[in-house]
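Below is one structure, written out as structure tokens; comments come after it.
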Amino acid sequence: MIPKSARPARIRENLEAVEIKLGSEDLAALDSAFPPPDQPVRLGMR
């Protein structure tokens, strides 16, 4: 995802997000909350 912002403060916040590190527990929680689909899913593109 490429965030868009015209405000310098928001741009700095977006850049700081690159430093976030997710641990194995965080990744497991995400996998549990958003399991992969059983079959391919067509994604809407704009």
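In terms of my numbering, the sequence shown opens at residue 1258 and continues consecutively.
The beta-carbon is built from N, C-alpha and C at its ideal position, and this holds for glycine as well.
Cα atoms of L1272 and K1278: separation of roughly 14 Å, rounded to the nearest angstrom.
The straight-line gap separating the alpha-carbon atoms of I1268 and E1276 is approximately 14 Å. Secondary structure of L1287 (DSSP, three-state): helix.
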